[in-house]
Every structure is written in C-alpha cells, then in structure tokens.
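The sequence shown maps to residues 9 to 743 in our numbering.
A virtual CB, placed ideally from N, CA and C, is assigned to each residue, including glycine.
These numbers come from a predicted model, not from an experiment.
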Amino acid sequence: MSSAAINHYTGEQFSENYYAQRKLADRLPVSQHKSAISDAVDNNDVVVLVGETGSGKSTQVPQMLLESNIVVKHGKKVVVTQPRQLAAQKVAERIAEELDVRLGSTVGVRYRGVNNTTANVTCLEIVTDGTLLALAKSDPALSEYGVVIIDEAHQHTMATDLLLGLLQNLAGKNGLKIIIMSATMDAQTFINFFPRSTLVEVPGREFKVHIKYTADPPQGEDQDLEILVDTILQTHLMGQRGNILVFVSGVRMINKVIQRVEDALKEGGDRARFAPRDIGTLRCYPLHSQLTPDAIDAAVESVPPTRADKVSRKLIVATNIAETSVTITGVTHVIDTMKVKSRVWNPVNESYSFKEQYISHAVAKQRAGRAGRTREGVAYRTCTEFGFRSALPQHSVPSVLESDMISECMDILSLGKSPINFPYIVAPATETVTKALGILREMDAVNARGTELTARGKALSRLPIDPYLAAALLESPTIGCSDEVLTIVSMIEVSEGGGSLFIQPIGKEEEAKLKRIRNEFCGHSGDHVLLLNVYFAWRTASAPKNAALNIDQWLEEKMLRGSVLRAADMTRRQLLNLLHTSFPEWKCRSLKLGEMSYYPWIILALARGQFMKVARRAPTQNKKGPMVYQTLRYNQRVELLKTTDLGAPSTANEWVIYHECRTGEKKDNILIVSPIVPEMLIKAVPTYFSNVEFFPDGPTKTALVKIIVEMTGEPEDSLRGYPLRSSTTTTTPSS
9 MSSAAINHYT
19 GEQFSENYYA
29 QRKLADRLPV
39 SQHKSAISDA
49 VDNNDVVVLV
59 GETGSGKSTQ
69 VPQMLLESNI
79 VVKHGKKVVV
89 TQPRQLAAQK
99 VAERIAEELD
109 VRLGSTVGVR
119 YRGVNNTTAN
129 VTCLEIVTDG
139 TLLALAKSDP
149 ALSEYGVVII
159 DEAHQHTMAT
169 DLLLGLLQNL
179 AGKNGLKIII
189 MSATMDAQTF
199 INFFPRSTLV
209 EVPGREFKVH
219 IKYTADPPQG
229 EDQDLEILVD
239 TILQTHLMGQ
249 RGNILVFVSG
259 VRMINKVIQR
269 VEDALKEGGD
279 RARFAPRDIG
289 TLRCYPLHSQ
299 LTPDAIDAAV
309 ESVPPTRADK
319 VSRKLIVATN
329 IAETSVTITG
339 VTHVIDTMKV
349 KSRVWNPVNE
359 SYSFKEQYIS
369 HAVAKQRAGR
379 AGRTREGVAY
389 RTCTEFGFRS
399 ALPQHSVPSV
409 LESDMISECM
419 DILSLGKSPI
429 NFPYIVAPAT
439 ETVTKALGIL
449 REMDAVNARG
459 TELTARGKAL
469 SRLPIDPYLA
479 AALLESPTIG
489 CSDEVLTIVS
499 MIEVSEGGGS
509 LFIQPIGKEE
519 EAKLKRIRNE
529 FCGHSGDHVL
539 LLNVYFAWRT
549 ASAPKNAALN
559 IDQWLEEKML
569 RGSVLRAADM
579 TRRQLLNLLH
589 TSFPEWKCRS
599 LKLGEMSYYP
609 WIILALARGQ
619 FMKVARRAPT
629 QNKKGPMVYQ
639 TLRYNQRVEL
649 LKTTDLGAPS
659 TANEWVIYHE
669 CRTGEKKDNI
679 LIVSPIVPEM
689 LIKAVPTYFS
699 NVEFFPDGPT
709 KTALVKIIVE
719 MTGEPEDSLR
729 GYPLRSSTTT
739 TTPSS
C-alpha cells in the first residue's frame, strides 16, 4: 500500500468514492483557480472572492484553507459561515464526503441544537452565521480560528452583517485571515468596507439557461396561482427530462401550489386536468427551513424513476432557501414567481408590514442558474420582460434596513460594542436603533444609558428567539408552566405567526370546517391556547399507545400540516437542550391540566414577556367584521384576524395580549391574540403599567387608570410609578 493511498486525516486507505468525488471536484471552476486564491490569501488579510452559483467555492475553498500554513503550523481552525441551517448541514456533509472523513471528526457542523464536532480533532467547522456570532460573544477575538470564511455574504443577513462589522476590526490581528465569498457582483461594497482587501473573481460553471417571460403582467394572487399551476403542468407534459424547481414567496404559497397541482392530477377530482398515465408521475416536494432533515433530504436528493415512455419527475416548490448552497438533484426547469416575503419594521408604532416584494436582478440570475447546473435548462419568469427590467431592483435590500434591531442591539452590546457607533456595512436608521434600545430598557435588558446589558439582558441574548418570547420563557418557571410556554414559543417560532399550521381552506364548506376544528381545540380561549392544544393533541395521536391510529389521516381530518408540527417538536427539543445547558436554574414545570386557572396562568406567564403588546377592545366596533381593539402603547386601532375567535364581546375578552402588530394598506391587525385579566397583568409588571403618563391619551389609557385606581385606592394624580405589587414576587398557581 503506497503512502499516497492513505488519508492523512484518518490514517486509513482512501475509499473508491473519494477518487470519484475528487474527479468531480477537480472539474469545478474554483479548482482551476486554486493557485490564485492561495496566493491572495497568503499575501492579504482580507480576500473578497466572487464566484457565481456552481463555481464550487462553498465546498472547495474551505478545503484549500484546511491545508494552509495557518492550520498546519499554528493549530488554528477554519470556520465557514452559512446563512441557513440547511446550507450549513449540506455543505458540511459534502466536504466531509470529499475528504473521505466522518462528519464530526476533521469536518464538523454547528448550529442551533446541533454541535457535531470533536474537541482537538475538528479543524474545519461549518456553522450558521448566527452560531459564529454567538461564539463571538464569549470570544470577541475569535481566537481559536485562523481563517474565517463568510459565505453568501451578498445575502446580507443580520448575523452576517454584524459579523462583518466585528471582522473589520479583527482583520490582520493575530494573523487572522478573512475571506468574504459572494455569488453576485456587488463586490465593491465589501472592498470598500475592508480597505486592505483584494478581489478574486471565479467564473461559474453553468450550462446555457433559456429565459422565458409571460406575455401578460401579473393579474392578482388567484389568477397568478392558476397560471403558475398551468405552467407547471405544461412543463411536465411538454418539457425535456429533468426535475422542476418552483420559487414562491413563502410556506403558505408552497402549500397552496402543491395542493393545486395534486388536485389537478387527482383522477376524478373536481379540478382534475391530467392523469399520471397520460403524462407520467409528478411527485411534489416542499422545500423550506421549517422541514425536518428527512423531508429536506427527500426534496433535494431523491429522484423518481422513469416510467416507460412517460417522464416521471420531481416538482420541488421552494422558498428562497433553494437559491444557493444547496445542490438539488437533476433540475432542468426553474419556474420563478419573482417574489419574496419580507417583514419591514416600522419604529414609529412598533409594527411590521408583511408583504410580498419583487426579488432583485441578482437573485433572479441565481435562481435561473439552478436550471443549468447539470445540463442545458429553461427558466420561466412569471412576469413580462419589460416588468423584469423596469420593476426589479439590481440588488436585494439588506436585512438591517428591515429589522427591529432589538436582538441585534443585544448582540452588539454582548460584543462590547455600541449599537449607535457600531461599524455597520449597511447602517440601520438611527430611529430604529434608538427605539430598540428604548424597548430593551422597558424589558430591563439594558442600563439606563443603553450602553451595557443587564443580567437579564445577558440571559435574553443567549436565547436565539424573539426577545419577547425569550423573556416569557425565562419567567415561566416561577409560575409553574414552563413546559406549556416552551411549547407555545416553539409553535410560534415555526408557524409564521400560526398562519402555516392549518391547511388553507378552499370554499365556504372548508372554511366552516376549519372554524369548527379551531373551536374544538381552544373554544374562545385565544390563539396561544390553540397552539398549545394542537401540539398536545398531535403528540397524543403520535404516541406509541395510539399506533393503530393513522396519523396522516388524523392530520388530514384536522386540516393540520404535519411538517409544521414536526418542526415545532424539533425546535422545542433544541430550546429545551439549550435551556438546560445555559440556564441550570431553569426548570421544566407543568401545571395540572383541568384546573380552572390552567389557561389564565399560562397567558400570564406569556404576558411577563409580552407586556408591551397589550390592547383593549375599542368602544366603537365595525357593524360587520372582526372585533376592533386599540393598543395601549400607541392607541392604534387594530383588528383581529378572522381566524381569531374570542367569542362575543364581553368583559372576559375586553383586554388582550398579542404577539405581533401587522400594518396593511387598508387596516392593521394583531396576530396570535389571547384574552387576559387586566388586574393580573398589572400585578405582573407593575412598574411599566403604573407609569401611565407615558401612554397616549385615549380610551385604553382611561380604562387602565380606572383599574389601577380601583386596585390601589389612590387618586389618579399619584399614579406615576406607584408601587403596586413587586414584579419580583414569585407567583405560583397556588398563591
């Protein structure tokens, strides 16, 4: 056996698969530029590497750096960031396969809930950008790494942009090498941000992709959906061999598209158009970040067989998660709706607008390139060519310009920096940062000047979830319902505000059925209780003792999406593990089901975190339509969604807490809403509610003052900061 045949990472002979993978890797464009990349890294502290999708930069550059002097001589590690967990996992698996090593040994992967690395063995880590940012909080110098590679930097996620700000100050210190990798040609932004950097460009390796546009402009969601389904079916019927990848704006649209396509292919169905025997089998797969690993593997890897003379193919309907870093097998057709969903923060009234927007030219190019990875392909854009050239921006809007900056301010303070003076590659609005610090002061997460995190703020910053939910989760053991709150938080985190949990009803009959189902789960107790009871019902139905129950049939009967529930279960386990390791004092406690106070105590625990998200039913209501409330914090008139059923107006639902306020063109809504007893709410956070002069005048403030006066017996003019009841008092169901 020759030494050349021995893998020096394992001490074992290379497998046959290694040579096959090496042969494929050597053909990638980036492999042809290995010398130029190595020279650039040796002679510069910062390298900006631009390589189009398919160039191989995500898998090959880390391997090049693994053999560099920094790792070999100085014992430092190489770390590569990816913007999403799926990308981190798949890139790590691919690199480990190409190096012929077990994932978790020489090559490791880390993200929330996953740490597949081995101390003193792993020298190449693939992590999410959020994970590296979390590591930087305890080690701002990133001292264990000799090379930091920021992949997909052009996506400008919040964590990536904050890392770039941190790295600007670290460049060149202690021999640290930084590589910024981008798939689009906006390299000048990174060159300007890192003045001592150099640029290396690598061409992509794509086959020709024919771009096709629609003849007519978009007509509206319903018509556009029908046109999209027709395009999918016609492509399957007439198109060349190969799988079909469809880009849509979000999870709800994924579900709609798959449902319509399957209905169209269902023999005897109301909307049947073709039968598989006529055009071959079309297997539908969703692809988004909420799926379990097995479901993701099914979408990106499995390939149906060919049936006789009919083409059998996959249809993958995906969000923007499929744009980069994930290889999807055999795609030769891309159908692009040209849309992406974005949440844009409005600091004036602390609300989000949630809308579909056009993607950029750069993103459209990446998406189309997916059709040309293995052979010549076709990309269909569901807009006119004129609309594409005139309406779409050249580059995407960085996340920092759309974020509320609340978590990000805590991240920056954890790094020992100032959110006001932080070196942002793209700076947020000063008003947004100021408002974020103000909210954190109300949460007792920062000091009065907003320059340091408090002990509470440090705890909140360690939980990678919405800060309001994190606060509720940390407070919940004192009320004895941390198990229930953990479940609700996990459901909120994965279900798009509850919107993707149920199958979208079609027609009045299905709408009435869904209303009955929702009522069965929660009555008029609110959306938080609904999420809790749905999860518990699913867990019960899935239990081994109910093995005779067909869980898929149960989900269909309840109009529930199993993928969302499985994602919530996975998130719940990840958070529980993090809570036990990071907060030894945190205990998972449950209330006794069936007690009269069971739901009120759970809502109270949630209110400990969401106390700034309170509203009261408005004195004047719409004659027809959902109930109207007014927020305490801004006296903003908001409506319940039609899916939120709190029953007829009564004192029981006069006051509510909510998860999010969402502004629209014609009306504003509050999402995930539950009724709460105002006296309990005031006692839970007395300092906040007793400072009534900070709330805008209106009927909500007037009602609050009246309640406080009745509780305290004090006159109105003495309410400022009146010490009602200490919020630090431990409250339990038995007290």
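Requested in this report: Could you name the residues of the same chain whose beta carbon sits closer than 8 angstroms to that of threonine 526, not counting the 5 residues immediately before and after it, in chain order?
Outcome: Within the sequence shown, the letter at position 518 stands for residue 526. The sequence given here places arginine at residue 526; threonine does not occur at that position. If we look at arginine 526 and ignore the five residues flanking it on each side, its Cβ neighbours are Phe510, Leu538, Thr651, Asp653.
Query raised in the report: Which of helix, strand or coil does DSSP assign to tyrosine 26?
Result: As a first step, residue 26 must be located in the sequence shown, where it is residue number 18. Tyrosine 26 falls in the helix class under three-state DSSP.
Query raised in the report: Just to confirm, are valine 434 and aspartate 169 a CB contact at a threshold of 8 angstroms?
Result: Within the sequence shown, numbered from 1, the residue matching residue 434 stands at position 426. Within the sequence shown, numbered from 1, the residue matching residue 169 stands at position 161. The Cβ-Cβ distance between valine 434 and aspartate 169 falls below 8 angstroms.
Requested in this report: Give the range of the alpha helix (DSSP H) segment to which threonine 139 is assigned.
Outcome: As a position in the sequence shown, residue 139 is number 131, starting the count at 1. 137-146 is the span of the alpha helix (DSSP H), which, as asked, contains threonine 139.
Query raised in the report: Do you know whose CA, among Glu270, Arg268, Ile336, lies nearest histidine 296's CA?
Result: In the sequence shown, the residue the question calls residue 296 occupies position 288. Cα-wise, what sits closest to histidine 296 is Ile336.
Query raised in the report: CA-CA distance, arginine 268 and leucine 445?
Result: For this step, residue 268 is matched to residue 260 along the sequence shown. For this step, residue 445 is matched to residue 437 along the sequence shown. Cα to Cα, the separation comes out at about 45 angstroms.
**Report entry** Start-to-end residues for the beta strand (DSSP E) that takes in aspartate 681
**Finding:** Numbered from its first residue, the sequence shown carries residue 681 at position 673. For clarity, residue 681 is valine in the given sequence; the question names aspartate instead. Counting along the chain, the beta strand (DSSP E) containing valine 681 begins and ends at 676-683.
Query raised in the report: For the alpha helix (DSSP H) that alanine 467 lies in, which residues bound it at each end?
Result: Here residue 467 corresponds to residue number 459 of the sequence shown, with the count starting at 1. Its alpha helix (DSSP H) spans residues 463-469.
Query raised in the report: alpha helix (DSSP H) containing aspartate 169: first to last residue?
Result: As a first step, residue 169 is located in the sequence shown; it is residue number 161 there, counting from the start. Per DSSP, the unbroken alpha helix (DSSP H) holding aspartate 169 starts and ends at 166-178.
Report task. Find the nearest neighbour of phenylalanine 697 within the set Phe619, Asn251, Lys220, Leu477, judged by alpha-carbon distance. Result -> Taking the first residue of the sequence shown as 1, we reach residue 697 at position 689. Comparing Cα positions, the closest option is Phe619.
Query raised in the report: Going by beta carbon distance, what residues of the same chain come within less than 7 angstroms of alanine 270, once the five residues before and after it are set aside?
Result: If you number the sequence shown from 1, residue 270 lands on position 262. Per the sequence shown, residue 270 should be read as glutamate rather than alanine. Counting only residues of its own chain and dropping the five nearest sequence neighbours on each side, glutamate 270 has a CB closer than 7 angstroms to the CB of Cys292.
Query raised in the report: Per DSSP, what kind of secondary structure is alanine 161 in: helix, strand or coil?
Result: As a first step, residue 161 must be located in the sequence shown, where it is residue number 153. Residue state for alanine 161 is assigned as helix, using DSSP reduced to three classes.
Query raised in the report: Taking buried to mean at least 16 other C-beta atoms within 10 Å of its own C-beta, is arginine 204 buried or exposed?
Result: Position 196 of the sequence shown, counted from the first residue, corresponds to residue 204. So arginine 204 counts as exposed.
Query raised in the report: Rounded to a whole number of angstroms, what is the C-alpha to C-alpha distance between glutamate 501 and serine 113?
Result: Numbered from its first residue, the sequence shown carries residue 501 at position 493. Numbered from its first residue, the sequence shown carries residue 113 at position 105. In a straight line, the C-alpha of glutamate 501 is about 31 angstroms away from that of serine 113.
Query raised in the report: What are the uninterrupted segments assigned as alpha helix (DSSP H) that are 4 or more residues long and contained completely in the stretch 479-528, given in chain order?
Result: Within the stretch 479-528, the runs of alpha helix (DSSP H) at least 4 residues long that lie entirely inside it are, in chain order, 490-502.
Requested in this report: Please check if any C-beta of chain D sits within less than 8 angstroms of the C-beta of aspartate 34.
Outcome: Looking at the structure shown, chain D is missing, and only one protein chain is on hand.
**Report entry** Residues near asparagine 251 in its chain [Cβ-Cβ closer than 6 angstroms; skip 5 each side]
**Finding:** In the sequence shown, counting from the first residue as 1, residue 251 sits at position 243. Within the same chain, asparagine 251 has close Cβ partners Arg321, Lys322, Gly338, Val339.
Requested in this report: Go to glycine 446, then tell me how far its beta strand (DSSP E) extends in each direction, as first and last residue.
Outcome: In the sequence shown, residue 446 corresponds to position 438, counting from 1. It is not in any beta strand (DSSP E) - glycine 446 instead sits in the alpha helix (DSSP H) that spans 438-450.
Requested in this report: Assign isoleucine 187 to buried or exposed, taking buried as 16 or more other Cβ atoms, counted over all protein chains shown, within 10 Å of its Cβ.
Outcome: Counted from its first residue, the sequence shown places residue 187 at position 179. By the 10 Å Cβ count, isoleucine 187 comes out buried.
Report task. Would you kindly report the start and end of the unbroken beta strand (DSSP E) that includes valine 256? Result -> Numbered from 1 along the sequence shown, position 248 holds the residue referred to as residue 256. For valine 256, there is no enclosing beta strand (DSSP E), as DSSP marks it with neither H nor E.
Report task. Helix, strand or coil for arginine 625, going by three-state DSSP, please let me know. Result -> Position 617 of the sequence shown holds residue 625. For arginine 625, the three-state secondary structure derived from DSSP is strand.
Query raised in the report: Counting pairs of beta carbons, one from the stretch 511-520 and one from the stretch 653-666, are three or more of them closer than 8 angstroms?
Result: Under the Cβ criterion (8 angstroms, minimum of three pairs), the stretch 511-520 does not count as touching the stretch 653-666.
Requested in this report: Run the CB neighbour count on histidine 759, radius 10 Å, all protein chains shown included, and call it buried at 16 or more, exposed below.
Outcome: Here the chain covers residues 9 to 743 and nothing more, so residue 759 does not appear.
Report task. Could you give the DSSP three-state label for lysine 714: helix, strand or coil? Result -> Translated into the one-based positions of the sequence shown, residue 714 becomes position 706. DSSP, read as helix, strand or coil, puts lysine 714 in helix.
Query raised in the report: Using the C-alpha atoms, what's the distance from threonine 462 back to asparagine 455?
Result: To locate residue 455, count along the sequence shown from 1; it is residue 447. To locate residue 462, count along the sequence shown from 1; it is residue 454. Going by the C-alpha atoms only, they are around 6 angstroms apart.
Requested in this report: Identify whether arginine 389 lies in helix, strand or coil by the three-state DSSP scheme.
Outcome: Here residue 389 refers to the residue found at position 381 of the sequence shown. Arginine 389 falls in the strand class under three-state DSSP.
Query raised in the report: By DSSP, does asparagine 15 sit in helix, in strand, or in coil?
Result: Locating residue 15 in the sequence shown gives position 7, counting from the first residue. Strand at asparagine 15.
Requested in this report: Identify the continuous alpha helix (DSSP H) that holds isoleucine 611 and give its terminal residues.
Outcome: Start at 1 with the first residue of the sequence shown, and residue 611 comes out as number 603. Where isoleucine 611 is concerned, the enclosing alpha helix (DSSP H) stretches over 606-618.
Requested in this report: Please state whether DSSP places methionine 413 in a helix, a strand or coil.
Outcome: By one-based count along the sequence shown, residue 413 stands at place 405. When DSSP states are grouped into helix, strand and coil, methionine 413 belongs to the coil group.
Query raised in the report: Taking 7 angstroms as the cut-off, is the CB of valine 352 close to at least one heavy atom of the ligand COA?
Result: Questions concerning the ligand COA fall outside what the structure shown contains, since it holds no ligand whatsoever.
Query raised in the report: Under the three-state reduction of DSSP, which class applies to tyrosine 432: helix, strand or coil?
Result: In the sequence shown, counting from the first residue as 1, residue 432 sits at position 424. When DSSP states are grouped into helix, strand and coil, tyrosine 432 belongs to the coil group.
Query raised in the report: By DSSP, does methionine 748 sit in helix, in strand, or in coil?
Result: Here the chain comprises residues numbered 9 to 743, so residue 748 is not present and cannot be evaluated.
Query raised in the report: Taking the Cβ atom as the reference point for each residue, do alanine 161 and phenylalanine 198 lie within a distance shorter than 8 angstroms?
Result: Your numbering for residue 161 matches position 153 in the sequence shown. Your numbering for residue 198 matches position 190 in the sequence shown. Contact flag set, yes.
Query raised in the report: So what does DSSP say about threonine 671, is it helix, strand or coil?
Result: Walking along the sequence shown from the start, residue 671 turns up at place 663. Note: threonine 671 maps to strand in three-state DSSP.
**Report entry** Distance, glutamine 93 Cα to isoleucine 103 Cα
**Finding:** As a position in the sequence shown, residue 103 is number 95, starting the count at 1. As a position in the sequence shown, residue 93 is number 85, starting the count at 1. Straight-line Cα distance between these residues: approximately 16 angstroms.
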